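Engineer: In this note's numbering, the protein residues as written are 129 to 570.
Note that the Cβ used here is the ideal one computed from N, Cα and C, for glycine as well.
Please read all numbers here as calculations on a predicted model, not as lab measurements.
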Amino acid sequence: MIPDGSQATRTWLIRGAQPLGGPALDLLVRDGVITEAGAGLQAADARLLDASGLIALPGLVDLHTHLREPGREDAETVQTGTAAAALGGFTAVHAMANTDPVADTAGVAEQIWRLGRRAGYCDVRPVGAVTAGLGGSRLAELGAMADSAARVRVYSDDGKCVSDAVLMRRALEYVKAFDGVIAQHAQEPRLTDGAQVNEGEASGRLGLSGWPAVAEEAIIARDCLLAAHVGSALHVCHVSTAGSVEIIRWAKSKGWRVTAEVTPHHLLLTDDLVSDYDPIYKVNPPLRTAVDVSALRDGLADGTIDCVATDHAPHPLEDKETEWQVAAFGMTGLETALRVVHEAMVETGRLDWAGVADRMSVRPAAIGRLDGIGAPLHGSALAAGSPANLVLYDPAARDVVDPAQHASRSRNSPFAGMELPGRVQATFLRGVPVVLDGKLAR
Ligand SMILES: [Zn+2]
Ligand SMILES: [Zn+2]
């Protein structure tokens, strides 16, 4: 007999969930695996979870998270960041390398991986730096990080662009040996020196230095050509302009190994919001125009943009609640990502829930090489034999975002005060509920 309220059981019967928004059925989870999926399942030893009205999706995978540990534990820790991820429905996150020290060696990458294992809310895959110390002058220990216990496959100097074409070419060549991918923060540094806001009407109105679309598009075009030239894999971080979508569409039409992500905030918010100098809207790349937002939505819908990645970038209050020019770039996003995608993509008819599962779980898992020996760990179908990494989501819920309720240590959500649809009801990591009833289960 299972004591009331115990989460210790290894057997769960999830009753009446709608996988990918389809017909309701039951999911039986035993020892971390979905062992049966069908109607009217029975299991005397199982704990029952009534999931009627809830959509079941494979656990979400984020390719782009800043967990800030080591070095900026005042902004976030692996513990608080992964708790936020679980509450957002994520079962795996890729932790960006711009920590202090930088994740540019096997030692630092393994430290972050171990912190993730200890926290236990979701899997943490460290992203390795491309260049030593993010310095942009010589390659980091790419091979040693790949061979480490952390099994790094994604490399990025995110926050900085690998602007040196020779270094970028070498990095792309180097990671081919272990099927790695270079994730580029595409920002031509000379064209964005001192840039504060999207170049155009917004920069003119505010009298702030503009950030031209071409600074992003020129690097993406160059890197697509380099990836094709050496036959390697490029991933483009946080695509933000209509022109970038066109370039990536062209590269894909050539059959080149190019993938791309878009953030939830670039799918919903425009540069009109920066009209009163509120630094909550200060982000890199900047919020763009409504034309760009529409192109990003179309690109995600048609698969030109492979996935949604949060670029969750927590900052303490003192770094954000200051004047625009000196405020930090970045927004939190883990706890609102699925709801924002619901609003921007599902409510507008651009994606159905199967599409959401593809763009927020299946494809990012594939890009992050989140596969075990022979069997995928994340991004699997919700079918018998799959690992029980899943999220139960209430599409009928609706409320106003309040960052004070978030598990993230930081509060810099641009969605604060905005009414959004949906609610993550439960998240299972390998059969263990880490979130139940919308709250951390332990
Ligand atoms: Zn970036
Ligand atoms: Zn980032």
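Which residue wins for smallest C-alpha separation from residue 195, given the options 202, 183, 209?
Structural biologist: Here residue 195 corresponds to residue number 67 of the sequence shown, with the count starting at 1. The option with the nearest alpha carbon to residue 195 is 209.
Engineer: Using 8 Å as the threshold, is the region 463-475 in touch with the region 221-230, meaning 3 or more CB pairs across them?
Structural biologist: Contact fails: fewer than three Cβ-Cβ distances are below 8 Å.
Engineer: Please check the pair residue 262 and residue 230, which I expect to be a contact at CB under 8 Å, by giving their CB distance rounded to whole angstroms.
Structural biologist: Against the sequence shown, residue 262 aligns to sequence position 134. Against the sequence shown, residue 230 aligns to sequence position 102. About 5 Å separates the two Cβ atoms, so the contact holds.
Engineer: Which runs of the alpha helix (DSSP H) spanning at least 4 residues fall entirely within the region 433-494, listed in chain order?
Structural biologist: DSSP runs (the alpha helix (DSSP H)) wholly in the region 433-494: 445-448, 465-469, 481-485.
Engineer: Enumerated in chain order, which unbroken segments of the alpha helix (DSSP H) with a length of 4 residues or greater are wholly contained in the region 306-378?
Structural biologist: The qualifying runs are 329-334, 341-358.
Engineer: In chain order, which alpha helix (DSSP H) runs of at least 4 residues are fully inside the region 389-437?
Structural biologist: DSSP runs (the alpha helix (DSSP H)) wholly in the region 389-437: 392-396, 418-430.
Engineer: Roughly how many angstroms lie between the CA atoms of residue 132 and residue 260, to the nearest whole one?
Structural biologist: Translated into the one-based positions of the sequence shown, residue 132 becomes position 4. Translated into the one-based positions of the sequence shown, residue 260 becomes position 132. Confidence at residue 132 is low in this model, with a pLDDT of 41, below 50, so the placement of that residue should be treated as unreliable; the coordinate-derived value is given next. Approximately 52 Å between the Cα atoms of the pair.
Engineer: CA-CA distance, residue 376 and residue 348?
Structural biologist: As a first step, residue 376 must be located in the sequence shown, where it is residue number 248. As a first step, residue 348 must be located in the sequence shown, where it is residue number 220. For residue 376 and residue 348, the distance between alpha carbons rounds to 8 Å.
Engineer: So which residues put a beta carbon under 7 Å from any heavy atom of ligand 1, going in chain order?
Structural biologist: The filter returns 286, 287, 313, 365, 366, 412, 439, in chain order.
Engineer: Quick check on the DSSP output: the alpha helix (DSSP H) that includes residue 213 runs from which residue to which?
Structural biologist: For the purposes of this step, residue 213 is taken as residue 85 along the sequence shown, with counting starting at 1. That run of the alpha helix (DSSP H) goes 206-215.
Engineer: Going by DSSP in three states, residue 175 sits in which element: helix, strand or coil?
Structural biologist: The residue given as residue 175 occupies position 47 in the sequence shown. Three-state DSSP puts residue 175 in a strand.
Engineer: Cα separation between residue 488 and residue 294?
Structural biologist: Residue numbering aside, residue 488 sits at position 360 when the sequence shown is read from its first letter. Residue numbering aside, residue 294 sits at position 166 when the sequence shown is read from its first letter. Taking the straight line from one Cα to the other gives about 33 Å.
Engineer: Report yes if the C-beta of residue 222 is less than 8 Å from at least one heavy atom of ligand 2; otherwise report no.
Structural biologist: Here residue 222 is taken as the residue at index 94 of the sequence shown, counted from 1. For ligand 2, not one heavy atom lies less than 8 Å from the Cβ of residue 222.
Engineer: Rounded to whole angstroms, what is the Cα-Cα separation between residue 565 and residue 215?
Structural biologist: Reading the sequence shown from its first residue, position 437 is the one you call residue 565. Reading the sequence shown from its first residue, position 87 is the one you call residue 215. Those two C-alpha atoms are separated by around 10 Å.
Engineer: With a threshold of 8 Å, are at least 3 pairs of Cβ atoms found where one atom belongs to the region 348-362 and the other to the region 435-443?
Structural biologist: Judged by Cβ distances under 8 Å, the region 348-362 makes no contact with the region 435-443, as fewer than three pairs qualify.
Engineer: Distance, Cα to Cα, residue 300 vs residue 345?
Structural biologist: Counting from one through the sequence shown, the residue named residue 300 turns up at place 172. Counting from one through the sequence shown, the residue named residue 345 turns up at place 217. Taking the straight line joining both Cα atoms gives about 19 Å.
Engineer: Can you check whether the CB of residue 495 is closer than 9 Å to the CB of residue 282?
Structural biologist: Position 154 of the sequence shown, counted from the start, is the residue given in the question as residue 282. Position 367 of the sequence shown, counted from the start, is the residue given in the question as residue 495. Closer than 9 Å, so yes.
Engineer: For residue 428 and residue 435, I'd like the C-alpha separation in whole angstroms.
Structural biologist: Within the sequence shown, the letter at position 300 stands for residue 428. Within the sequence shown, the letter at position 307 stands for residue 435. Their backbone Cα atoms lie some 7 Å apart in a straight line.
Engineer: Just checking residue 441 against ligand 2 - is the residue's beta carbon closer than 8 Å to any of the ligand's heavy atoms?
Structural biologist: Reading the sequence shown from its first residue, position 313 is the one you call residue 441. Correct: residue 441 has its Cβ closer than 8 Å to ligand 2.
Engineer: Could you give the DSSP three-state label for residue 567: helix, strand or coil?
Structural biologist: On the sequence shown, residue 567 is found 439 positions in, with the first residue counted as 1. DSSP places residue 567 in strand when its eight states are reduced to three.
Engineer: CA-CA distance, residue 569 and residue 561?
Structural biologist: As a position in the sequence shown, residue 569 is number 441, starting the count at 1. As a position in the sequence shown, residue 561 is number 433, starting the count at 1. C-alpha separation (whole angstroms): 7 Å.
Engineer: Considering only the beta carbon of each residue, do residue 421 and residue 397 sit closer than 9 Å?
Structural biologist: Within the sequence shown, residue 421 is the residue found at index 293, counting from 1. Within the sequence shown, residue 397 is the residue found at index 269, counting from 1. Contact flag set, yes.
Engineer: Report the three-state DSSP secondary structure of residue 505 (helix, strand or coil).
Structural biologist: Stepping through the sequence shown from its first residue, residue 505 is reached at position 377. It is coil, neither helix nor strand.
Engineer: If you follow the beta strand (DSSP E) that residue 184 is part of, which residue opens it and which one closes it?
Structural biologist: Here residue 184 is taken as the residue at index 56 of the sequence shown, counted from 1. Where residue 184 is concerned, the enclosing beta strand (DSSP E) stretches over 183-186.
Engineer: Cβ of residue 192 versus every heavy atom of ligand 2: is any distance shorter than 8 Å?
Structural biologist: The sequence position of residue 192 within the sequence shown is 64, counting from 1. Correct: residue 192 has its Cβ closer than 8 Å to ligand 2.
Engineer: Does the beta-carbon distance from residue 464 to residue 515 come in below 9 Å?
Structural biologist: Start at 1 with the first residue of the sequence shown, and residue 464 comes out as number 336. Start at 1 with the first residue of the sequence shown, and residue 515 comes out as number 387. No, the pair does not count as a contact, with Cβ atoms beyond the cut-off.
Engineer: Buried or exposed for residue 180, going by 16 or more other Cβ atoms inside 10 Å?
Structural biologist: As a first step, residue 180 must be located in the sequence shown, where it is residue number 52. Answer is exposed; the Cβ neighbour count stays below 16.
Engineer: Less than 6 Å between C-beta atoms, sequence neighbours within five positions excluded: which residues of the same chain meet that for residue 555?
Structural biologist: Counting from one through the sequence shown, the residue named residue 555 turns up at place 427. Excluding sequence neighbours, residue 555 sits near 214, 217, 519, 562, 563.
Engineer: What would DSSP say about residue 275, mapped onto helix, strand or coil?
Structural biologist: Numbered from its first residue, the sequence shown carries residue 275 at position 147. Looking at residue 275 - three-state DSSP - the assignment turns out to be helix.
Engineer: Express the C-alpha separation of residue 557 and residue 248 in angstroms, rounding to a whole number.
Structural biologist: The sequence position of residue 248 within the sequence shown is 120, counting from 1. The sequence position of residue 557 within the sequence shown is 429, counting from 1. In a straight line, the C-alpha of residue 248 is about 9 Å away from that of residue 557.
Engineer: Just to confirm the assignment, what range does the alpha helix (DSSP H) spanning residue 244 have?
Structural biologist: The sequence position of residue 244 within the sequence shown is 116, counting from 1. Residues 234-247.
Engineer: Between the alpha carbons of residue 509 and residue 550, how many angstroms are there, rounded?
Structural biologist: Along the sequence shown, read from residue 1 onward, the residue named residue 509 stands at position 381. Along the sequence shown, read from residue 1 onward, the residue named residue 550 stands at position 422. Roughly 22 Å between the two C-alpha positions.
Engineer: Assign residue 492 to buried or exposed, taking buried as 16 or more other Cβ atoms, counted over all protein chains shown, within 10 Å of its Cβ.
Structural biologist: Sequence index remark: in the sequence shown, residue 492 carries index 364 (1-based). Buried.
Engineer: Candidates 206, 183, 522, 199: which alpha carbon is nearest residue 241's?
Structural biologist: Residue 241 sits at position 113 when you count from the first residue of the sequence shown. The residue with the shortest Cα to Cα distance from residue 241 is 206.
Engineer: Grouping DSSP H, G and I as helix and E and B as strand, with all else coil, what is residue 533?
Structural biologist: Indexing the sequence shown from 1 puts residue 533 at position 405. Looking at residue 533 - three-state DSSP - the assignment turns out to be helix.
Engineer: Could you give the DSSP three-state label for residue 269: helix, strand or coil?
Structural biologist: Counting from one through the sequence shown, the residue named residue 269 turns up at place 141. Residue state, collapsed to three classes: coil.
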